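Visitor: Those protein sequence lines, which keep their order, are chains A and B.
The numbering of the first sequence is our numbering, which starts it at 1 and goes up by one.
The numbering of the second sequence is our numbering, which starts it at 1 and goes up by one.
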Amino acid sequence: GENVEQHPSTLSVQEGDSAVIKCTYSDSASNYFPWYKQELGKRPQLIIDIRSNVGEKKDQRIAVTLNKTAKHFSLHITETQPEDSAVYFCAASVAGNQFYFGTGTSLTVIP
Amino acid sequence: DARVTQTPRHKVTEMGQEVTMRCQPILGHNTVFWYRQTMMQGLELLAYFRNRAPLDDSGMPKDRFSAEMPDATLATLKIQPSEPRDSAVYFCASGFLVAGTGRENNEKLFFGSGTQLSVL
């Protein structure tokens with residue numbers, strides 16, 4: 001089955017700086033890569049996703065890049081704000097089948 | 001704003017008791033997942049259904065856990081008997097997923113608010 005690894009497990013940045021979270025996957029058939037943000041005590045919420053036919057996608061301050069050859073994808077958050085503090089999960093999926101999640105990154109934005 | 005609904009939000013029970021968690025997927029979604037979240041293991045897949053049929057429950061301890069979809073609007077996860085190590089947050093998630101088509105916009109997964117289970 002698919003194996004998704006996520007790094008780092010914790011990340012602290014100063015407000016206004018950028019944050020980068022990286023994930024690798026093992027199954028070359030995976031073709032859909034969503035990112036979820038989970039605030040304390042809340043449900044994971046989809047914040048951005050990318051399909052394997054696209055190399056980069058951006059939505060305001062967040063962007064995701066995908067390198068299919070190397071089997072890794074990354075989440076980039078620019079101009080971080082305290083409300084970006086949360087746990088972020090990456091996931092990989094093969095065409096609507098199971099979703100395999102990374103172990104999560106706890107991001108703290110220091111005001 | 002359609003949402004996945006889970007009940008109860010919190011459950012405290014004693015070891016050996018039966019626990020039933022319920023999930024109402026978003027109307028029109030054909031795939032339902034059950035995940036367990038702990039600090040140590042992250043999000044573990046327990047079982048998932050497509051069009052109410054179980055596709056994979058290999059992540060679920062079969063001796064005590066069972067998952068069903070009696071109809072398209074209800075998924076249940078039952079633990080009997082419960083044990084302290086079952087204490088975790090249980091999430092249900094749903095999506096309209098069509099395997100193998102590669103179609104755009106058919107793979108988004110939406111989570112419920114979770115059931116915080118404490119087994120004493």
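Glycine included, C-beta positions come from ideal geometry on N, C-alpha and C.
None of these values were measured; they are calculated from a predicted model.
1. Nearest-angstrom Cα distance between A/Asp103 and B/Ala72?
2. What is the C-beta distance between A/Ala86 and A/Gln14, in whole angstroms, given that I count them as a contact (C-beta under 8 Å)?
3. List the residues that DSSP assigns as beta-bridge partners of B/His29.
4. Classify A/Glu83 as helix, strand or coil using the three-state DSSP reduction.
5. Using a Cβ cut-off of 8 Å (strictly closer), state whether A/Phe73 contacts chain B.
6. Could you name each continuous beta strand (DSSP E) segment of 3 residues or more that falls completely within the region 35-82 of chain A, going from the start of the chain to the end?
7. Against chain B, which members of the region 32-64 of chain A pass a CB distance test of less than 8 Å?
8. Which residues of chain A have a Cβ atom closer than 9 Å to the Cβ of B/Gly112, listed in chain order?
9. Taking the Cβ atom as the reference point for each residue, do A/Leu46 and A/Tyr32 lie within a distance shorter than 8 Å?
10. Pull the bridge partners of A/Lys22 from the DSSP assignment, please.
11. For B/Gln6, which of helix, strand or coil comes out of DSSP?
12. Chain B partners of A/Ser93, CB-CB under 7 Å?
13. Report all residues from its chain with a CB closer than 8 Å to the CB of A/Ala91; omit the five preceding and five following residues, and keep chain order.
14. Tell me the residue span of the beta strand (DSSP E) that contains B/Pro61.
15. Smallest Cα separation from A/Lys22: which of A/Val94, A/Ile110 and A/Leu75?
16. If we define contact as Cβ-Cβ less than 8 Å, is B/Phe91 a contact residue for chain A?
17. In terms of alpha-carbon separation, which member of A/Asn97, A/Ser93 and A/Thr78 lies closest to A/Ile50?
18. Looking at the C-beta of A/Thr103, does it have a partner C-beta in chain B at a distance below 8 Å?
Guide: By the coordinates alone:
1. Indexing the first sequence from 1 puts residue 103 of chain A at position 103. Indexing the second sequence from 1 puts residue 72 of chain B at position 72. Note on identity: in this sequence residue 103 of chain A is Thr, with Asp being the wrong assignment. Answer to the nearest angstrom: the Cα atoms are 30 Å apart.
2. Position 86 of the first sequence, counted from the first residue, corresponds to residue 86 of chain A. Position 14 of the first sequence, counted from the first residue, corresponds to residue 14 of chain A. The Cβ separation is near 17 Å, so there is no contact.
3. Stepping through the second sequence from its first residue, residue 29 of chain B is reached at position 29. B/His29 is not bridged to any residue.
4. As a first step, residue 83 of chain A must be located in the first sequence, where it is residue number 83. Helix, per DSSP.
5. Along the first sequence, one-based indexing puts residue 73 of chain A at 73. So no, A/Phe73 is outside the interface.
6. Complete beta strand (DSSP E) runs here, min 3: 45-51, 56-59, 62-67 and 72-77.
7. Taken in chain order, the members of the region 32-64 of chain A whose beta-carbon sits within less than 8 Å of a beta-carbon on chain B are Tyr32, Pro34, Tyr36, Lys42, Arg43, Pro44, Gln45, Leu46, Asp49 and Arg51.
8. Taking the second sequence and counting its residues from 1, one reaches residue 112 of chain B at position 112. Chain A residues near B/Gly112: Arg43.
9. Within the first sequence, residue 46 of chain A is the residue found at index 46, counting from 1. Within the first sequence, residue 32 of chain A is the residue found at index 32, counting from 1. In this structure, A/Tyr32 does not lie closer than 8 Å to A/Leu46 by Cβ.
10. One-based indexing of the first sequence puts residue 22 of chain A at position 22. Residue pairing for A/Lys22: DSSP places it in a beta bridge opposite A/His7 and A/Ser74.
11. If you number the second sequence from 1, residue 6 of chain B lands on position 6. Three-state result, B/Gln6: strand.
12. Taking the first residue of the first sequence as 1, we reach residue 93 of chain A at position 93. Contacts between A/Ser93 and chain B, judged by CB atoms closer than 7 Å, involve Glu107 in chain order.
13. Sequence index remark: in the first sequence, residue 91 of chain A carries index 91 (1-based). Cβ within range, chain order: Val4, Phe33, Pro34, Trp35, Tyr36, Phe99, Tyr100, Phe101 and Gly102.
14. Taking the first residue of the second sequence as position 1, residue 61 of chain B is located at position 61. Where B/Pro61 is concerned, there is no enclosing beta strand (DSSP E), given that its DSSP letter is neither H nor E.
15. Counting from one through the first sequence, the residue named residue 22 of chain A turns up at place 22. Relative to the Cα of A/Lys22, the nearest Cα in the group A/Val94, A/Ile110 and A/Leu75 belongs to A/Leu75.
16. Position 91 of the second sequence holds residue 91 of chain B. With 8 Å as the cut-off, B/Phe91 counts as an interface residue toward chain A.
17. Locating residue 50 of chain A in the first sequence gives position 50, where the first residue counts as 1. Closest by alpha carbon: A/Ser93.
18. The residue given as residue 103 of chain A occupies position 103 in the first sequence. By this cut-off, A/Thr103 is an interface position.
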